[in-house]
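Its first residue numbered 0, the sequence shown is counted upward by one per residue in numbering that gives the first Met the number 0. A short write-up of the structure that comes next.
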Amino acid sequence: MELSSSSGPVSMPMIGFGTAADNNDGATLISAVLESIKLGYRHFDTASFYGSEQALGEAIAEALRLGLIASRDDLFITSKLWPSEAHAHLVLPSLQKSLRTLQLEYLDLYLIHMPITVTAGKRELPFDKQDLMPMDFKSVWAAMEECERLGLTKSIGVSNFSCKKLENLLSFATIPPSVNQVEMNPVWQQKKLTEFCKPNGIIVTAYSPLGAKGTSWGTNAVIDNEVLKEVAKTRGKTVAQVCLRWIYEQGAAPIVKSYNKERLKENLQIFDWELSEDDYDKIGQIKQRRMMPIEELVSAHGPYKSVEELWDGEL
């Protein structure tokens, strides 16, 4: 997929490998990243909050040493700005810290992790009422644009932004966001958001495309969905493959996570077949349910009437 950038189009591999986990054991993650590179993965998604940047950086260095990739340029690396660093004067230092941790000279994509700001240094969840504040979108985005102009990231974007917040950002951005990374899967289809993003040149990347089953924040609602099981059986595919193919056919890029070699292989096997109209009819009837626990992100409503207002009740 081609992302917009002030220096020209940036190529992003269609399937990403996610590194968010309850407990990011460094050795396990390094092993999984190396295995995924052997299988053909080239897009890796991290964030300062995940605690996975160091292990990912070590895995990249090891992949280079082993000759699994010819150069760092063979990879597409994304990281994110946490709300406690979402202050104009902290954006550049935060990116520079991520680069040092990753042992990289540049990112391919840098995202604002959430459309909120909290007191500098307050990284814990849930956010406390007194630490929560509206983001100064203009100054924070100007700092993001400067990061791109300096060549520290090839492209910039956002995560967890609603249509309303994207519309606001587009009204003043000199460099428009290239990506909006959001929760997206057949159980939370994001139709309104994807319809907004396409004509505005914003690529949607989908986190938790399989529902993040087995994590503290995840749900079994995707993998255990009976409709998806029926489609998968008819197709001779796994539920995971049906989900990833569906996201791909929406023009979005899934960010998947697995430490299992066979599942890593299966997740790449989605490009030589298509879903039918009957499949779409069935998937379209799935009851929608958001997994992301927005209500648990803050311990009180702060300056907002409700927690939902943080995301305009849309995400």
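Think of the CB as a built atom: it goes at the ideal place given N, C-alpha and C, for glycine as much as any other residue. As the structure is a computational prediction, the values presented were derived from the model and not from experiment.
Asked                                                                                                             : Found
Nearest to Leu274 (by Cα), restricted to the options Val241, Gln287, Glu61                                        : Val241
Beta carbon of Val238 nearer than 8 Å to that of Asp278                                                           : no
Nearest to Gln287 (by Cα), restricted to the options Pro253, Phe270, Val186                                       : Val186
Supposed close pair Ala205, Ile246 - CB separation, criterion 8 Å                                                 : 5 Å
Spatial neighbours of Leu267 in its chain, beta-carbon cut-off 8 Å, leaving aside the 5 residues before and after : Ile14, Leu38, Gly39, Tyr40
Sufficient close CB pairs (3 or more, under 8 Å) joining the stretch 41-60 to the stretch 93-110                  : yes
Inter-residue Cα distance where the pair is Pro133 and Leu91                                                      : 20 Å
Whole-angstrom C-beta distance between Phe75 and Pro12, which should lie under 8 Å                                : 5 Å
Distance, Gln129 Cα to Thr137 Cα                                                                                  : It should be noted that the sequence gives Lys, not Thr, for residue 137. Looking at the two C-alpha atoms, the distance is approximately 22 Å.
Spatial neighbours of Arg244 in its chain, beta-carbon cut-off 8 Å, leaving aside the 5 residues before and after : Lys236, Ile269, Trp272, Glu273, Leu274
Secondary structure of Tyr206, DSSP reduced to three states                                                       : strand
7 Å CB neighbourhood of Ser5 in its chain, flanking five on each side removed                                     : Glu147, Arg148, Ile174
The stretch 147-162 touching the stretch 104-114, judged by at least three CB pairs closer than 8 Å               : yes
Pro125 - DSSP class collapsed to helix/strand/coil                                                                : coil
Classification of Pro253 by the beta-carbon crowding that lies within 10 angstroms, buried from 16 upward         : buried
Inter-residue CB distance, Ala54 and Gly25 (contact presumed, cutoff 8 Å)                                         : 4 Å
Alpha carbon of Leu28 to alpha carbon of Lys260, nearest angstrom                                                 : 13 Å
Start and end residues, alpha helix (DSSP H) containing Ser170                                                    : 162-171
Ser207 beta carbon less than 8 Å from that of Met113                                                              : no
Where Asn219 falls, given that 16 or more other Cβ within 10 Å makes a residue buried                             : exposed
Gly17 versus Lys256: straight-line alpha-carbon distance, rounded                                                 : 5 Å
Beta-carbon spacing of Leu80, Leu110 below 8 Å                                                                    : yes
Where Pro198 falls, given that 16 or more other Cβ within 10 Å makes a residue buried                             : exposed
Best match in Glu57, Ser3, Asn159 for proximity to Met183 [C-alpha to C-alpha]                                    : Asn159
Residue of Ser70, Leu33, Thr77, Asp223 minimising C-alpha distance to Glu52                                       : Thr77
Paired residues, beta bridge with Phe75 - DSSP                                                                    : His42
C-beta contact flag for Val139 and Ala87 at 8 Å                                                                   : yes
Check whether Asn179 and Leu165 have beta carbons under 8 Å apart                                                 : yes
CB of Val226 within 8 Å of CB of Gln189, strictly                                                                 : no
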